[in-house]
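Here the sequence shown is numbered in this note's numbering, starting from 50 and rising by one per residue.
Glycine included, C-beta positions come from ideal geometry on N, C-alpha and C.
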Amino acid sequence: MSNHSIRFGLCAEAAKPSDTPVQCQQCFKFGHPREYCREIQDICRKCGGNHTTNNCTANGAKCLNCSDQHEANSTLCLKYIEQQQKIRKIIDDYTSEIKVPAPMTTINFPSLTKTYHSAHQHHQADEYL
Ligand SMILES: [Zn+2]
Ligand SMILES: [Zn+2]
Ligand SMILES: [Zn+2]
Numbered sequence: 050m051s052n053h054s055i056r057f058g059l060c061a062e063a064a065k066p067s068d069t070p071v072q073c074q075q076c077f078k079f080g081h082p083r084e085y086c087r088e089i090q091d092i093c094r095k096c097g098g099n100h101t102t103n104n105c106t107a108n109g110a111k112c113l114n115c116s117d118q119h120e121a122n123s124t125l126c127l128k129y130i131e132q133q134q135k136i137r138k139i140i141d142d143y144t145s146e147i148k149v150p151a152p153m154t155t156i157n158f159p160s161l162t163k164t165y166h167s168a169h170q171h172h173q174a175d176e177y178l
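See below:
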């Protein structure tokens, strides 16, 4: 349990984990926030050039992540969708892990011993019928 809390941080505590990929607002690559960006200068969101988006002179948008005709922060970006699916899979794995019952350990809980015994008696009654 504690391992998961470290791995997923605040997401694990939230009722609904966020499936929004982390995108850098400086270089528009996925997987790191702006604070961890290694890029020295701003990258254009529109064309991926070495200038700020406001100074862009490009006619059309060209995504720096997938080379398609949209801005780098578009939710239609294939790279964005790919990242989102990865996150959703991690969330799915994580939530299904919590739901998995652990029958071997429940027997050791004193409060559950009663349930275990009555279940056992039911089983014996079935045999008498
Ligand atoms: Zn970056
Ligand atoms: Zn540009
Ligand atoms: Zn794209």
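- Can the beta-carbon of residue 92 be found less than 8 Å from the beta-carbon of residue 103? no
- Task: Specify the secondary structure class of residue 133 as computed by DSSP and reduced to three states.
- Result: helix
- Query: In chain order, what residues of the same chain lie with their CB nearer than 8 Å to the CB of residue 126, ignoring the 5 residues before and after it?
  - Reply: 112, 114, 115, 117, 119
- Message: Distance check for residue 86 and residue 75, CA to CA, integer angstroms please.
- Response: 7 Å
- Item | Quiz: which residues have CB nearer than 6 Å to ligand 1 non-hydrogen atoms | 73, 75, 76, 78, 81, 86, 88
- Close beta carbons around residue 109, own chain, < 7 Å, minus the five adjacent residues each side: 118
- Can you list, in chain order, every residue whose CB sits closer than 5 Å to a heavy atom of ligand 3? 112, 114, 115, 117, 126
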